[in-house]
Amino acid sequence: MFQIFIIFVWIVLLNDCKAIRNDTEDSAIADLEKKVEDLQNKLKNLSDQLTKDQNVLYVTLSESMKDVSNEVTVIFDRPQINPGNHYNQNDGIYIAPFSGRIMAFWTIGTNETARTELMVEDRVVGTLMTAASSVTTKNRYGSSNTVRESSSSTVAVTDVQKGNHIFLRTASHDNHILKTVSFLLIRRTL
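Numbering (mature numbering (1 follows the signal peptide of the UniProt record, and there is no 0)), first residue to last: -19 to -1, 1 to 171.
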């Protein structure tokens, strides 16, 4: 009888240990699930923070600007990407929808000498100068063609305040033809 009692106690203890182990495993799994959920929420919040207000502007010119004088705003009349419509294609001004750091990239082409300035309000934050040179090419029939053109690109990084007016303007004293072959790109940096 004592042996049956010991076996009975042993079976009860084993069952209790299994129940404790199962409760512990269930608790550990629940803790892990909670931690994974917390990490997923943190990752989503971080992703939201990184992409919040990451506006990108991409605009182009539909045709060349002719007889351009000094300090004329370049009006890119073809917005390709303009989230929030912060760029005005009628006056060429981008109004910063945030305070932070921006990176601007632009390319100009000309058949003379041209200089442009990236402006934030009344501050020059970047300049680009291009000087055209003549290039003569000959085709296989002996005919030659002389072309006078050049293009250049640059990038500027600067801090802006929400509501600042950002625009590209000419800065050359010569009358010239300004042909952009690319775009003005403004992007908020991290």
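Positions of the beta carbon are idealized from the N, C-alpha and C atoms, including for glycine.
query, result
"Quick check: the Cα distance between F86 and T117, rounded to an integer number of angstroms?", "30 Å"
"Residues in its own chain within less than 8 Å of M100 by CB, not counting five upstream and five downstream?", "V106, H146, I147, F148, L149 and R150"
"Could you compute how far the alpha carbon of E102 sits from the alpha carbon of D72?", "14 Å"
"Using DSSP with H/G/I as helix, E/B as strand and the rest coil, what is I10?", "helix"
"DSSP state of P64, grouped into three classes?", "helix"
"Taking one C-beta from the stretch 125 to 135 and one from the stretch 52 to 64 each time, how about it: are there three or more such pairs within less than 8 Å?", "no"
"Taking the Cβ atom as the reference point for each residue, do F57 and V37 lie within a distance shorter than 9 Å?", "no"
"Excluding sequence positions up to five away, which residues of its chain have a Cβ less than 7 Å from the Cβ of A137?", "A85, L99, V106 and G107"
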